[in-house]
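Just so you know, UniProt numbering puts 623 at position 623 of the sequence shown, and the rest follows in order with no gaps. Note that the Cβ used here is the ideal one computed from N, Cα and C, for glycine as well. On a predicted model such as this, the values are computed, not experimentally measured, just so you know. Take a look at the structure set out below.
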Amino acid sequence: LKRKFEVVSEGIAKPGEKTLLDDVFTHVWITEGSCVEVNHGHEVIQVETISKSKKSEIRSIRCRDIFKQLPGQTRPIRTVLMKGIAGIGKTFSVEKFILDWATGKDNQDFDFIFFLPFRELNLIKSEMSLQELVQCFCPEIKSSDNVLDCYKVLFIFDGLDESRHLLNFKTNQRWSDVKKQASVDVLLTNLIQGNFPVDTSIWITSRPAAAGLIPPELICRVTEVQGFEDQQKEEYIRKKCKNRALADRIISHIKALRSLYILCYVPVFCWIVVTVLEHTLEESSGESPTTLTDFYTNFLLFLLTEKEQKENKENVFKSNQEAILKLGKLAFDSLEKSIIVFYEKDLREYGIDLHNSSIYSGVWKEIFKQDIILFQEKVYCFLHLTVQEYFAALYVFGSYQNNNINPLKKRVLCVSWLRRISLFSLNKGALERAIQSRTGHLDLFVRFLLGMGMSNNQEHLKGFLSRTHHSSDIQKTAGFIKKLIRGTSSPERCMNLFHCLSELKDKSLMDEFNVTLDKVKRSGQTLSPSQCSALAYFSLLSEKEIDVFDMSKYVTSEECLRRLLPVAKITKTLRMESCGLTERCFEDLVSALQSQHSCVRELDLSVDNLGDSGVKLLFAALRDPNCKLTILKMRDCGLPERYCEDLASVFQSQHSSLRELELSDNKLGDSGVKLLSAALRDPNCKLTTLWMENCGLTERCFEDLVSVLQSQHSSLRELDLSVNNLGDSGVKLLSAALRDPNCKLTTLRMEVCRLTERCCEDLASALQSQHSRLRELNLSYNNLGDSGTKLLSAALRDPNCKLTTLKMKDCKLTERCCEDLASALQSQHSSLTVLDLSDNNLGDSGVKLLSAALRDPNCKLTTLSVSGFIF
């Protein structure tokens, strides 16, 4: 294993040169996750969202610790699923883990490590025992029959997304004999399920789309490789480029290209970019690459000329034209079928013979890599998925330019004597197919195809192209893209259309958008759907973090709303008040909340009619381990009491992060509060703040609320019961709870609750209790009167009273209560700093008494509101 992994193939090595893994390895960001996330965007485009994730709020984990329990974890870590997009560093991390084990540096908990890539397992058609399977991959242990019986073993299954085995966990036969033969599918499912009597750990790597093949209950830990952080990009570039001055120039160049700088989170892409810039910036001749297609065309050109050492680039392409077209056709056809691994029979179908033709020697071993040999059969793949997509585009563009053929059409007629296909027609067909894809599998392909039509790339590709084409078709294509942006409903496809404009170096839409955004800021002008897409695109590419995004400023339709949803993942506070959410919008919003990369911590859905399906989707999301929402506002959302049962299940979920909940202006009723109260007593409930203003509550609900406040498990600190018919008898029960040692309430609001002076005796008693923690009390718009205030003033003078804020706006007070209040303010025991007495008839004499109290050294008041004036 040490011999296998200590040397890495990175680029074209000169004779005698070796690149050691330890010399170039740069740690990637790995996070601990949970359930499998479904994303309908292209994998590479997902990096734009990942780059905006607030890493400080995501639990990271070192690769060497993925089988170790973190603080607070008690369950042993037997099976780890590591997911991540292509080229993000999964296999590299595995190889480093194995090398550190083999050299004795780390990971010494295991006696044996067996590395079994799925692309090799795919070659095994016959039945064999688990012991034979291990010996097949590790012939050195054939003489040891007891390896699986007596030792601690780690199985690493790399590339689940490449598996051609069904992995049918439900119907496969149970198997436990390590020496009894079965199909590979049966062996793998039983090994992962832990049915063999072997002391094993399992490590599976996968691209996100295939991660769901393993049942969640069989996985102890899910990790996600998220690539390079900004600091790690620079560290890698400096390791790769030994010339410090050149490394600085490379870093400055890619930082100026925001979309490409973001893609450098993917280590393989970072390597391609650095390889190109080392060459182009050092030469200092011609225009430096700026678009995705520029970089990949220069990358191909560099590899061809570097290996073949020829002066004439055009001749290099001519001599390799056949290879490019054959590999390109394989890439194009396989892209449609989501195939990224190839076997010799696949190559023969395309007339590719890597054994006998010198065409496929040299550079092609770098681009189209021969990965493994097992049972004398070779396995091949492109250097990276994006390289496959680039070659697919080369094939389509080359077929068009050289032979007037459009491979995108099912029926291809090679009729060069007919009217030539226009470049615009080719681009139009590709764009239409790309936007119809739900998974975005053609997103990068179409970007490359459009970029190849640019004059600088056609100039580079001379030799491969028998003719070059310069016309107004590029401008027509840009106009068509803008038309598609206006009519495309998918937020993900819209994002890619903006990238397509970038490949064409068309900035007109950006300039137009900036003018419109200025008008929005100045005059409140609304945005069209296409302008909303532009706002989302520029927000994703911006270096600035978005702390607050108020969607209600821009939304005028469902279409606008859906196009702005990509911003939902990257903002901390998302306001969607009165946005007219539909069920379709809710599905997208909930998907964003359940994303591991979501930054949303506060969500305001007030004055939106959520509907049954919307509420169920939302509450299910709140129970998801990935959802990090801590504040949810649903004021006036038409929530009846029947939803309280679903909401209660959120409170009781161990995964819910909810701390503050606004339910005001929803008719929950006493029965709804009863359901919520049971959940608030649950040990899993973390809610600290609950607003239930104007929820149709009466004094009958207080028995349930009191039980919550007196519960040792309740975390409630702030409670708003304003504009409910609570009555004095309800407050009597509540006051008893405030005296309970378990009660943690610090803020209580009861505005417009039909309270009278009779409740003040009970409240005063609560405030004087040594157990009361109340700091803020709002009793505004209740008929407390002077006698009620007298009782409260006495409580304020009590050493046990901790009240700092008291609001009694419009409580039918007169000047007679001011003497009592002044006395309280002058007391050395009073903690009051804020007092609101607005809209009461205190008179000049009352204010005179209060003013005298303000001059007293014991008075701690910082804010006094009287009759509309604030002192």
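How far does the alpha helix (DSSP H) with residue i in it extend, from its first residue to its last?
i: residue 477; result: 473 to 487
i: residue 874; result: In the structure as shown, the chain begins at 1 and stops at 871. Residue 874 is therefore absent and cannot be evaluated.
i: residue 537; result: 529 to 541
i: residue 236; result: 230 to 240
i: residue 348; result: 344 to 349
i: residue 653; result: Run containing residue 653: none; DSSP gives neither H nor E here.
i: residue 619; result: 611 to 622
i: residue 69; result: Unbroken run through residue 69: none, as it is neither H nor E.
i: residue 672; result: 669 to 680
i: residue 585; result: 583 to 593
i: residue 446; result: 443 to 452
i: residue 433; result: 423 to 436
Do residue i and residue j have their CB atoms nearer than 8 Å?
i: residue 602; j: residue 585; result: no
i: residue 278; j: residue 300; result: no
i: residue 772; j: residue 739; result: yes
i: residue 157; j: residue 189; result: no
i: residue 885; j: residue 475; result: Absent from the structure is residue 885, since the part of the chain shown begins at 1 and ends at 871.
i: residue 205; j: residue 82; result: yes
i: residue 616; j: residue 657; result: no
i: residue 107; j: residue 164; result: no
i: residue 636; j: residue 684; result: no
i: residue 592; j: residue 565; result: yes
i: residue 478; j: residue 501; result: yes
i: residue 662; j: residue 632; result: yes
i: residue 111; j: residue 152; result: yes
i: residue 903; j: residue 832; result: The shown model of the chain, from 1 to 871, leaves out residue 903, and the question about it has no answer.
i: residue 462; j: residue 317; result: yes
i: residue 752; j: residue 707; result: no
i: residue 75; j: residue 293; result: no
i: residue 221; j: residue 80; result: yes
i: residue 728; j: residue 759; result: yes
i: residue 213; j: residue 154; result: no
Going by C-alpha distance, which of the options is nearest residue i?
i: residue 710; options: 697, 745, 281, 262; result: 745
i: residue 672; options: 705, 765, 242; result: 705
i: residue 336; options: 347, 369, 327, 389; result: 389
i: residue 117; options: 160, 100, 365, 692; result: 160
i: residue 664; options: 715, 119, 605, 8; result: 605
i: residue 425; options: 434, 440, 435, 406; result: 406
i: residue 818; options: 841, 800, 803, 593; result: 841
i: residue 686; options: 718, 698, 94, 432; result: 718
i: residue 529; options: 800, 87, 560; result: 560
i: residue 241; options: 216, 262, 270; result: 270
i: residue 542; options: 66, 256, 280; result: 256
i: residue 648; options: 813, 680, 27; result: 680
i: residue 809; options: 836, 174, 429; result: 836
i: residue 499; options: 210, 779, 162, 291; result: 291
i: residue 639; options: 654, 630, 669; result: 669
i: residue 122; options: 441, 343, 401; result: 343
i: residue 858; options: 848, 828, 865; result: 828
i: residue 439; options: 392, 338, 759; result: 338
i: residue 351; options: 365, 323, 332, 334; result: 323
i: residue 95; options: 109, 85, 113, 86; result: 113
Identify the residues that DSSP records as bridge partners of residue i: which are they?
i: residue 370; result: 380
i: residue 603; result: 574, 632
i: residue 691; result: 662, 720
i: residue 546; result: 571
i: residue 733; result: Note: residue 733 sits in no beta bridge, so no partner.
i: residue 30; result: 225
i: residue 725; result: 698
i: residue 872; result: Within the shown structure, residues of the chain are numbered from 1 to 871, placing residue 872 beyond reach of any answer.
i: residue 60; result: 31
Strictly under 8 Å for the Cβ-Cβ distance: is residue i near chain B by that measure?
i: residue 783; result: You won't find chain B in this structure, because it holds only one protein chain.
Starting from residue i, trace the beta strand (DSSP E) in both directions and tell me its first and last residue.
i: residue 863; result: 863 to 866
i: residue 749; result: 747 to 749
Quick one: complete alpha helix (DSSP H) runs, 4+ long, within the region 765 to 852? 785 to 796, 818 to 825
Segments assigned beta strand (DSSP E), at least 3 residues, entirely inside the region 282 to 326: none
To test your reading of the DSSP string, which unbroken alpha helix (DSSP H) runs of 4 or more residues are found completely within the UniProt domain "NACHT" (78 to 210)? 90 to 102, 118 to 121, 130 to 137, 147 to 150, 184 to 193
Please give the ranges of any alpha helix (DSSP H) in the region 483 to 519, keeping only runs that are unbroken, at least 4 residues long and fully inside the region. 491 to 503
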